[in-house]
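K.L.:
Numbering follows UniProt numbering, with no gaps: position 198 of the sequence shown is 198.
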Amino acid sequence: MIRENCKVIISDLDGTLLNQHHVISDYTRSVFQELHQQNYLIVVATGRHHLDAMPLVERLGVPLYLVTSNGARIHSPEKELLFSINMNSQTVKSILDLDIDPDITTVLFKEEVWQTNIHNEKLNSFSKEVTYHRELVNFGELEDFEAIKIFFTHENQEKLIAVRDLILEHHPGSFNHAFSLPICLEFMDKAVDKSHAIAKILEKENLDFSHAVSFGDGFNDELMLVTTGKGLIMGNAPETLKNKLSHLEVIATNHEDGVAKYLSETVLNY
Numbered sequence: 001m002i003r004e005n006c007k008v009i010i011s012d013l014d015g016t017l018l019n020q021h022h023v024i025s026d027y028t029r030s031v032f033q034e035l036h037q038q039n040y041l042i043v044v045a046t047g048r049h050h051l052d053a054m055p056l057v058e059r060l061g062v063p064l065y066l067v068t069s070n071g072a073r074i075h076s077p078e079k080e081l082l083f084s085i086n087m088n089s090q091t092v093k094s095i096l097d098l099d100i101d102p103d104i105t106t107v108l109f110k111e112e113v114w115q116t117n118i119h120n121e122k123l124n125s126f127s128k129e130v131t132y133h134r135e136l137v138n139f140g141e142l143e144d145f146e147a148i149k150i151f152f153t154h155e156n157q158e159k160l161i162a163v164r165d166l167i168l169e170h171h172p173g174s175f176n177h178a179f180s181l182p183i184c185l186e187f188m189d190k191a192v193d194k195s196h197a198i199a200k201i202l203e204k205e206n207l208d209f210s211h212a213v214s215f216g217d218g219f220n221d222e223l224m225l226v227t228t229g230k231g232l233i234m235g236n237a238p239e240t241l242k243n244k245l246s247h248l249e250v251i252a253t254n255h256e257d258g259v260a261k262y263l264s265e266t267v268l269n270y
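#1: Go to Val226, then tell me how far its alpha helix (DSSP H) extends in each direction, as first and last residue.
#2: Around the Cβ of Ile161, are there at least 16 other Cβ atoms within 10 angstroms (buried) or fewer (exposed)?
#3: Is the beta carbon of Lys7 sitting closer than 8 Å to the one on Tyr40?
#4: Under 6 Å Cβ to Cβ from Pro238, same chain only, skipping five residues before and after it: list those, please.
#5: Using CA coordinates, which residue listed in Pro63, Leu60, Met87 and Val62 is at the minimum distance from Arg73?
#6: I'd like the list of long-range same chain contacts for Met1, defined as Cβ closer than 6 Å, with 5 residues on each side in sequence excluded.
#7: Report the three-state DSSP secondary structure of Glu249 (helix, strand or coil).
#8: What residue from Ala199, Ile150, Lys159 and His154 has the CA that sits closest to Phe175's CA?
#9: By the DSSP assignment, the beta strand (DSSP E) with Ile233 in it spans what residues?
#10: Please report the distance separating the alpha-carbon of Ala45 from that of Ala197.
#11: So Val163 and Phe152 are in contact, right, with Cβ under 8 Å, and what is the actual spacing, rounded?
#12: Is there a Cβ from chain D that is less than 8 Å from the Cβ of Met54?
#13: Hey, how far is the Cα of Gly61 from the Cα of Gly235?
#14: How is Glu112 classed by DSSP in three states: helix, strand or coil?
#15: From the DSSP secondary-structure annotation, give me the bridge partner or partners of Asp257.
#16: Just reading off the beta strand (DSSP E) that Glu135 is part of, what are its end residues?
#17: Does DSSP classify Met1 as helix, strand or coil?
#18: Using the rule of at least 16 other Cβ atoms within 10 Å of the residue's Cβ for burial, across every protein chain shown, is Ser214 buried or exposed?
#19: For Val210, which option in Phe219, Gly218, Gly216 and Ala199 has the closest C-alpha, if you only look at C-alpha atoms?
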């Protein structure tokens with residue numbers, strides 16, 4: 001049934017298409033090249049910035065649509081920018097002016113650099129190639145706060161939950177937010193979600209969500225997973241996501257090339 005109706009493959013990147021070393025394996029590359037040969041439309045949808053994501057997906061060696069910053073940017077298979085939306089400067093400043101725990105790493109995703117208040121080695125390790133550069137700043141001295149999104153990270157999720165609740169208390173209904181990982185909280189413009197960006201791509205290609213199968217491991221994938229014809233949750237996803245979307249199938253982990261193995265067995269019928 002999946003093979004008959006499936007025309008679009010949609011995948012998250014970290015914890016999904018990337019393995020534990022934050023790279024795309026040779027096996028995953030070979031499966032996606034076969035999918036391209038069989039004319040499947042491929043979409044990668046990630047929370048990463050486009051400058052960070054582009055060299056990672058190039059490893060697949062196939063043309064694809066790239067949705068980045070959770071839907072704030074869409075690039076075509078020819079790397080043309082098709083859609084772009086930012087949070088305005090005053091909006092971002094109103095969040096940073098709140099009493100946020102100084103131990104939390106805060107990041108503003110800008111167009112060319114990411115600005116942060118803390119040198120976070122673990123955060124730096126997510127990028128094998130430095131194409132999106134870091135800038136250490138004092139947010140109290142910034143003048144331009146316009147950003148693609150705001151990103152918070154801390155090993156203690158309770159601290160991030162407190163930040164989330166603080167922002168929502170002061171700005172109810174003003175933003176879209178999600179935990180991309182239990183230790184990563186992201187706030188975006190209200191109009192930004194991976195699923196909204198994917199809808200634009202599908203419309204452009206004269207397709208709809210019923211033609212798509214999607215893969216993800218984070219709460220920023222939630223709407224994408226429940227909207228596509230078939231949504232698959234990674235085995236390494238948080239139990240809270242698996243429980244919330246208990247009607248969806250759980251597949252092998254990203255360490256085990258779960259996406260590629262599923263596609264090989266179910267779509268390509270290898």
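Cβ atoms here follow ideal geometry from the backbone N, Cα and C, with glycine treated the same way. It should be emphasised that the depicted structure is a prediction, and the values quoted were computed from it without experimental measurement.
P.N.:
Per the coordinate set shown:
#1: Mapped onto the sequence shown, residue 226 falls at position 226. That run of the alpha helix (DSSP H) goes Glu222 to Thr227.
#2: Numbered from 1 along the sequence shown, position 161 holds the residue referred to as residue 161. Ile161 is exposed by the Cβ-count criterion.
#3: One-based indexing of the sequence shown puts residue 7 at position 7. One-based indexing of the sequence shown puts residue 40 at position 40. Against a cut-off of 8 Å, the Cβ pair of Tyr40 and Lys7 comes out as a contact.
#4: Locating residue 238 in the sequence shown gives position 238, counting from the first residue. Within the same chain, Pro238 has close Cβ partners Pro182.
#5: Taking the sequence shown and counting its residues from 1, the one referred to as residue 73 is at position 73. When each option's Cα is compared against that of Arg73, the closest is Met87.
#6: Translated into positions along the sequence shown, residue 1 becomes position 1. For Met1, the predicted structure reports a pLDDT of 43, less than 50, and the residue's modelled location is therefore unreliable. A value from the coordinates is still provided. Counting only Cβ-Cβ distances below 6 Å, and skipping sequence neighbours, we find nothing.
#7: By 1-based counting over the sequence shown, the position of residue 249 is 249. In the structure shown, Glu249 sits in a strand (DSSP, three-state: E or B).
#8: Position 175 of the sequence shown, counted from the first residue, corresponds to residue 175. Closest option to Phe175, Cα to Cα, is Ile150.
#9: Numbered from 1 along the sequence shown, position 233 holds the residue referred to as residue 233. Counting along the chain, the beta strand (DSSP E) containing Ile233 begins and ends at Lys230 to Ile233.
#10: Residue mapping note: residue 45 aligns to position 45 of the sequence shown, counting from 1. Residue mapping note: residue 197 aligns to position 197 of the sequence shown, counting from 1. Those two C-alpha atoms are separated by around 9 Å.
#11: Counting from one through the sequence shown, the residue named residue 163 turns up at place 163. Counting from one through the sequence shown, the residue named residue 152 turns up at place 152. Between Phe152 and Val163 the Cβ distance is about 6 Å, and since that is below 8 Å, they are a contact.
#12: No chain D appears in this structure, which consists of one protein chain only.
#13: In the sequence shown, counting from the first residue as 1, residue 61 sits at position 61. In the sequence shown, counting from the first residue as 1, residue 235 sits at position 235. Cα-Cα distance, rounded: 26 Å.
#14: The residue given as residue 112 occupies position 112 in the sequence shown. If DSSP states are grouped into helix, strand and coil, Glu112 belongs with coil.
#15: Start at 1 with the first residue of the sequence shown, and residue 257 comes out as number 257. According to DSSP, which records beta bridges pairwise, Asp257 is partnered with nothing at all.
#16: Within the sequence shown, the letter at position 135 stands for residue 135. His133 to Leu136 is the span of the beta strand (DSSP E), which, as asked, contains Glu135.
#17: One-based indexing of the sequence shown puts residue 1 at position 1. Confidence at Met1 is low in this model, with a pLDDT of 43, below 50, so its placement is unreliable and the value that follows should be read with caution. Coil, per DSSP.
#18: Position 214 of the sequence shown, counting from 1, holds the residue named residue 214. Counting Cβ neighbours within 10 Å, Ser214 comes out buried, since at least 16 surround it.
#19: The residue given as residue 210 occupies position 210 in the sequence shown. First, the residue type needs correcting, since residue 210 is Ser and not Val in the sequence shown. The candidate whose alpha carbon is nearest that of Ser210 is Ala199.
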